[in-house]
Amino acid sequence: MGDFMDKKFAGDPTELRAPFIYKDEEAIDKPFRMDQMRRLFAYMTLFPRLGWASLAATIGGIAVSLIAPYIIGVTINAAIAKHDVGRLVGYGVFLGALYIANFVASRLRIRYTNWLGQSVIRHLRGQLFSHVQALSFDFFDKRPAGSVLVRIMNDVNSLQDLFTNGVISSITNLFTLIGIVIIMLSLDWKLALITMIIVPIMLLLSTKLREMMRRSWQVVRVRLSRINAHLNESIQGVRVTEAYVRQAENQTFFQGMNADYLDKFRRAVGLNAIFGPVVDFTGSIGSALLFWFGVHMLGAGGGLSVGMLIAFANYTGNFWTPISQLGQVYNQLLVAMASSERIFQYLDTIPSVASGAEAENLPVLSGEVRFENVAFAYDTKKVALTDVNFHVLPGQTIALVGHTGAGKSTVINLLARFYEPTSGVITMDGHDICKMNLHSLRAQVGIVLQDTFIFSGTIMDNIRYGRPDASDEEVMQAAREVFADEFIRELENGYHTEVRERGSRLSMGQRQLISFARAILADPRILILDEATASIDTHTEHMIQQGLKVLLQGRTSFVVAHRLSTIRESDQILVFADGRIVERGTHGLLMGTKGYYQNLVEAQYRFMA
Amino acid sequence: MDIFKRLNRFYKPYQYLLGISLVALVFTVGLGLVYPYLLSLIVNKVILAHEFNKLGLYIAIILIASLVKGGFNFTQQYLGQVFGINAAYDLRNTLYKKLNTQSFTYYDGVHTGDLMSRLTADLDAFRQFLAFGFNGLVQFVLLLGFGLGLMFTMNWQLTVAVLVLMPVLAFVAVSFDGKLWPAYKEVRRSLGRLNTAVQENIMGVRTVKSFAREDHELDKFDHRNDSYYTANIITAGLWKKYFPYMELIGNMEVVIVLLFGGYLVVTGHMSLGDLVAFFSVLWYIVAPMSQLGYQLNNWTQSVAAGERLLEILDAPDEITTPVQGYVGEMQGLVEFVHVSLAYADETVLHDIAFSARPGQTIALLGLTGAGKTSLVGLMPRFYDIASGAVKIDGVDVRAWDLAALRKQIAVVFQESFLFSTTIFANIAYGHPSATIEDVRRAAAMADAAEFIEELPDGYSTLVGERGLGLSGGQKQRIALARAILADPRILILDDATSAVDMETEYGIQQALQQVMKGRTTFIIAHRISSLRRADQILVLDHGRIVQRGRHDELLREEGLYRTIYDMQFQDQGLMPPAGEGNLFDSFAESASASASAN
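In order, the protein sequence lines correspond to chains A and B.
According to the working numbering, the first sequence is numbered sequentially starting from 628.
According to the working numbering, the second sequence is numbered sequentially starting from 34.
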C-alpha cells in the first residue's frame, strides 16, 4: 500500500497542490530552414499575375523615393543657388508629377499586395481544412480539439503578415537599399562610404534588438493568455468558487499571475522604449559624419555642391526605413518557420482510412452484416478486440452489452469504418467494407451517438443534417415520428429556434431526440446507436423510449444498450468482456445460463425501482 | 471625461508617473527641433558664410541633443506605459474580486463571452489610452505648436503656405480612421465566424463523418473563409483609398516648400539654410498629422470601454454578508417557512414549507423547471427569497455570516465543473490544506479512487479545459469527492450522479450514509431508485410542493409521484420473471427492509 501511494502521488509535490495549472502553447519560433521556406513561397507562385502586378507597382514606388531627393538636390544647386526661377518652376512641376505617379503606384501596390497575401492565406487555410477533414479518427482521437483549431486558425493567420507585407516589402526594401547605395556611390563615393558606416549598426539593431523585443512580447502574450484562461474558467466555475468560499485563495493566485504579467509587460515596454532613441541616435551619428566630412570636402573643392550634400542627408535619412523593415521580415520569417512546420506536419499526415483508387461504390444494402475473425488494436500495446465473429440478418436488432472498455465502442468504430480491423474481415451483403468507397458506406450506415453534437443554427438545420435535401415538411415529419415534435414546438421559435454554444439550451434527452430525428431522416440501412446512460427527465425519457422503437424498425441495428427493455427486445445479444464475445443469444436464453449476462442484469436490476 | 473621473481610483495613485512623463515629453519635442535649427546654422553659417571653426560645435550639439532627447524620450514612453500598466493591474484585480462575489442571479443574466471581452478588449483599450493615448494627444499639440513656432520665426509666408494643406491632411486622416474601425470590427467578426465553423467541425467530427457530410462542411468553411477574405480585402481597400492621399498631401507640401521657398530664397526673402531646415521640420509634423485620426479614435474607444468596465464595477452587490453575522457551528436543522422566490417578475417558488432535522435525507422530485435547483440554492444563499424565511439552526440564513454559512454546506452541481489543475487540487478545492490521505478517502467514498489511481499520473493528472478528457460520470464523482472533503453539515446533491450507472450510484449512496450520519442531505434526482430511501420526499410541480412523504406512502397516493414511478416501472415491467421468480419483488423487499432499519 505504501509503495502504491508513493507512486500515485509521485511527481512535483507543488504541482499536485497547484491551485491552477495552465499549459502554454507550442514553440513560437524556429530556426530558418530553406526547404520549408521554398515550400512556403511556392504558394505565392500559384497567383503569378498578382505577384507580378504587386512587384511592378512596388518598383514604381521605389523609383520615386530614389529620384525625389536627387531632384531636390539638383533644384537647390541648379535653380535656387543660381537664382533661376524658370528652372525652379520646371523642377518643382516635375517633382509634383513624380509624386502623382507615386500616388497611383501606391494605390496599385496596396491593392495587389493585399490581394496576393489574402489569396495565399485563403488557399492555404482551405487546403489545410479540407485535408484535416479527410483525416481519420486516430488523428482526432489523439489530440484535443483545441490544438487542431489553433493550427487551422492561428498558425495560418500568423503567416498573413508575411504574405501580405513581408515578401513584397522585403523585395522592395532590398531594391531601395541597393538603389540608394548606387546613387550615393555615384554622387560621391568617398562620402558615401563614410556615411555607410552606420548601415551595419542599423542592420544589427533592427535584427537583434527587434528579436529581443519580439521575444519579450511573446513572454507577455503567453502570460496574458494564462490570465485569460483563468478569467474564463473563473467565470464558468464561479458558482463552485462561491459555494466553496474559495475567493480569498483565488484572489491571491490571480494577483500573483497579474503581478507576473505586470513585471513582464514592464520589461517589454522598456525594451520598446529604448528602441526609438537608439535608432534616433544612430541616425544622428550618420548625419554628424556626413556633415563633418561633407563640409570639409565642400571646402576642399572636391566637386561636392551644397545641393548634393542636402541630397546626401536625405538619402541617409532614407536608409533607416528599408533596413528596419528587413529586420521585421527576418523576425516574421522565424515565426513563420514554427507555424509552417506545424501546418506542413498536418498536411503530410496521410489518412489511415481512405477509399482506395479502385474502390467500388457499395450497392444499396439489404442489411446483412458479418464479422469474421476480427481483431483490432488502437496501438500495439492495447488490444481492443480479439477474434470476434458474428452474423446479422437484414432487419435484426443486435444489443451490444458489457462493461466500459469491453469492446462495444470498438465494434461501432469498425462498423462505420472509423477504424479498420487489424486482422479479419467485415462484410455487408458480402462486400468487404474496407474495399468499398467510404462515402457510399457511410451514406448507408447511420450513427446515433450518446452525446449528440448540435451545430449552431436552427433546430430545423440540425435535423436536416441527416439529409440536406429534405423539405421542411419532411424534417417535421421525421421529428413527429420519433416524438421529438412536442418539445420542439414548445421552444420559443419552434423549429426555427437558434441553438448556440453546442446546444447548451437543450437537455441531454432533448439532444438525443434531435439525433433520433436526424437519423430517421437519413433513413440508413444499418443503424448504430449508443444509448445514453444519463438519467433523463421522466417525461423526456418516455419520449425517447417511444422514439427508439420507431427508429429501430425495418433496419439492421446495433445498439450499445443500457436499458433492459432495449436489450430484451433485441434479436441477438452479444456480451463483451475484455475484447471478446463471451456470450450470445436472446435474453430468454441467456437468463437461464447463470452466466456473465445474467449476473450483469441482476446487478443492474437490484438498484432499479 | 466623466467616465475617467469615475475610474480615477485606479490611476490616481500613479498620476505622478504621468506627470513626469509629460515633462519629459515637452523636452523630447523641444529637443527634436534642435536638429532642423542646427541644420539651418550649418548651411547658413558654415557652408555659406565659411565659418568652419563652428562646425565641430554644431555637430557636437546635434549629437548631445540627440542623446539627451533619447533619454527624455525613453522616460516619456516608459513611464507613460508603466502608468497605464499599473492602473490596468489594479483594475484587473478589482474586477476579478468583484466577479467572484457577484450573485448567482447576476450570472444567470450574463454571457461568459461578453464578460470576457470586457475583461480583455475593453480593459486593454482603457490601458492604451492611459499608456500612450493621452501622451499622443499632448505630443500632437506640442509638435504642432513648437514646429509651427520655429517655422514662423524662420519665415512666416512659407509657414502660411504650408498650413494651407494641413487641415486637408487632418481631415483625411480623421475620416480614414473613422471608417477603419468598423472595417476592422468586421474583420474580427468574420474571423470569429470562421473560428466557430472550424471549432464545431472538429468537435463534431464524428457526426460529420458518420453522416458523410464532409462536402457540406467544406462548403460552409469555404463560405466563411471567403467572407473573411472579403472583409480583409475591404479593409485593404480603405487603405488603398486613403493612405495614398495622405502620402500625396505630405509630398505636395514638399513641392510647395520647394517652389515657394525656393522662390523666396531666389528673391532674397529667405536664406538657403532656413529652407533646408524647413524641409526637416515639415517631416517632423506631417507624420503626427496623419496619426491624428488614430489618436482621436483611441480616445473615443477608451471612453466606450471605460463605460463597459464601470457596468461591471457598479453592478449592485445583491448578496452580502451581514454585519456581525452568525458564525456558530452548524447542526443542520433546516426550516423553510412559507418561502416564495421570484426571478425578475416570475415567481419560481410558492409558499414552500418544510423542515429537515440533522441526520435526515430529503429528496426532491419533479419535472424539469419545477423549481428543485432554486429551492436547494436558498440554503447557501445563492438567491435571496421574496417572502418567508429560510432558517438553519433556527437562524435566518440572511443573518448568518455568509462565509460561515457556505463553508458548512457543500453543493454538488448539476453540471460538474472541474478547474484546470490536478485531480488532487480539484478535490481539495474547498479545503486546500487537505492531506493526501483525506483526499484519497473522499475519492474512495465517491467511488472515484479506483479510476483515478488507474490513470498513469494518478492524482497528479491534469484535468479541465486542456487536460485529460474525463467522462461525465467520472467528472461527477470528482465533484462529489470535492463536496465530501469539505466535511459539510448539509450536503446538497443536485442531480449529481445522473451520469453514473445505477450500480455505482448505489455504492456511493451506501458510503454517503456513513459520512452523513447525523448530518442533513438533500438529493435531487430523476430516478426513483436514487431517492426511494429518503426520509422525506418532496414532489415539486410548478414551484409548489404537491406531495410529500416517504416512498411507500407516496406510492399509495394518486399523483405525480405514482405517475413518474409508473413510467419508470414500465421499463422494467417488460422483464419476464426470469429464472428465480420476480427479481423486482425481491428487491422491493430488501429495499424496504433497509429503509426501516434506518
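The beta carbon of each residue, even a glycine, is placed where N, CA and C say it ideally should be.
ask   = Per DSSP, what kind of secondary structure is asparagine 188 (chain B) in: helix, strand or coil?
value = coil
key: Selection of the stretch 121-133 of chain B by Cβ proximity to chain A, strictly under 7 Å   = Tyr122, Arg125, Asn126, Tyr129, Lys130, Leu132, Asn133
message = With a threshold of 6 Å on Cβ separation, who are the neighbours of aspartate 815 (chain A) within its own chain once the five nearest residues in sequence on each side are excluded?
response = Leu931
ask   = Which chain A residues are close to threonine 229 (chain B), counting only those with a beta carbon under 7 Å from its beta carbon?
value = Ser1083
inquiry  = Threshold first: 4 residues or longer. Then list the alpha helix (DSSP H) segments lying entirely within the stretch 287-374 of chain B, N to C.
reply    = 295-299, 305-323, 325-346
request  = Kindly say whether lysine 405 (chain B), judged by its beta-carbon, lies nearer than 9 Å to any beta-carbon of chain A.
outcome  = no
query = In three-state DSSP terms, what is methionine 1055 (chain A)?
reply = strand
request  = Note down, in chain order, each residue of its chain lying with its Cβ closer than 6 Å to the Cβ of glycine 392 (chain B), except the 5 sequence neighbours on either side.
outcome  = Gly551
query = In terms of DSSP beta bridges, what is tryptophan 272 (chain B) paired with?
reply = Its beta-bridge partners do not exist; DSSP assigns none.
message = Going by the DSSP bridge assignment, what does tyrosine 376 (chain B) pair with across the sheet?
response = B:Glu379
Whole-number beta carbon distance between glycine 719 (chain A) and valine 288 (chain B), since they are thought to touch under 8 Å = 6 Å
inquiry  = Please classify phenylalanine 918 (chain A) as buried or exposed, where buried requires at least 16 neighbouring CB atoms within 10 angstroms.
reply    = buried
request  = Report the neighbours of aspartate 527 (chain B) on chain A: residues whose CB is nearer than 7 Å to its CB, in chain order.
outcome  = Here the premise fails: no neighbours, minimum Cβ distance about 11 Å.
query = Between the C-alpha atoms of glutamine 663 (chain A) and methionine 964 (chain A), what's the straight-line distance to the nearest angstrom?
reply = 7 Å
inquiry  = Measuring CB atoms only, is the stretch 932-942 of chain A touching the stretch 117-134 of chain B, in the sense that at least three cross pairs come out at less than 8 Å?
reply    = no
ask   = The beta strand (DSSP E) with arginine 1207 (chain A) in it runs from where to where?
value = 1207-1212
request  = Could you tell me the boundaries of the alpha helix (DSSP H) in which histidine 750 (chain A) lies?
outcome  = 712-761
inquiry  = Within 10 Å of its beta-carbon, does phenylalanine 631 (chain A) have 16 or more other beta-carbons around it, so buried, or fewer, so exposed?
reply    = Reliability of the predicted coordinates at phenylalanine 631 (chain A) is poor, the pLDDT of 40 falling under 50, and the value obtained from them is presented with this limitation in mind. The residue is exposed, with fewer than 16 neighbouring Cβ atoms inside 10 Å.
key: Separation of phenylalanine 85 (chain B) from leucine 925 (chain A), as counted between CA atoms   = 11 Å
task = Could you have a look at arginine 842 (chain A) and say whether DSSP puts it in helix, strand or coil?
result = helix
ask   = Mind checking whether leucine 1133 (chain A) and isoleucine 1141 (chain A) have CB atoms under 9 Å apart?
value = yes
ask   = Among B:Gly306, B:Met535, B:Leu526, B:Met322, which one has its Cα closest to the Cα of threonine 406 (chain B)?
value = B:Leu526
request  = Note down, in chain order, every chain A residue with its Cβ under 8 Å from the Cβ of isoleucine 266 (chain B).
outcome  = Asn741, Trp742, Gln745
task = Would you check if there are 3 or more beta carbon pairs closer than 8 Å linking the stretch 353-365 of chain B to the stretch 421-439 of chain B?
result = yes
ask   = Could you give the residue range of the beta strand (DSSP E) that holds isoleucine 570 (chain B)?
value = 569-574
task = Report back the beta-carbon spacing between isoleucine 1039 (chain A) and phenylalanine 1185 (chain A) to the nearest angstrom; my notes put them in contact at under 8 Å.
result = 7 Å
Counted within 10 angstroms of its Cβ, other Cβ atoms place phenylalanine 185 (chain B) as buried (16 or more) or exposed = exposed
query = Can we count aspartate 599 (chain B) as close to the ligand FMN, meaning its CB is less than 8 Å from some heavy atom?
reply = Among the ligands in the structure shown, none appear at all, so the ligand FMN cannot be discussed.
key: Stretch pair the stretch 855-865 of chain A + the stretch 941-955 of chain A: three plus CB contacts closer than 8 Å   = no
task = Output the distance between the C-alpha atoms of glutamine 135 (chain B) and glycine 491 (chain B), rounded to the nearest integer angstrom.
result = 35 Å
request  = Report back the beta-carbon spacing between isoleucine 80 (chain B) and valine 922 (chain A) to the nearest angstrom; my notes put them in contact at under 8 Å.
outcome  = 6 Å
inquiry  = Starting from valine 1202 (chain A), trace the beta strand (DSSP E) in both directions and tell me its first and last residue.
reply    = 1199-1204
ask   = Can you find a C-beta in chain A that's less than 9 Å from the C-beta of threonine 380 (chain B)?
value = no
query = Should phenylalanine 555 (chain B) be flagged as near chain A, meaning a C-beta pair shorter than 9 Å?
reply = no
key: Euclidean distance between Cα positions of leucine 1216 (chain A) and glycine 582 (chain B)   = 41 Å
task = Indicate the three-state DSSP secondary structure (helix, strand or coil) for leucine 820 (chain A) in the structure shown.
result = helix
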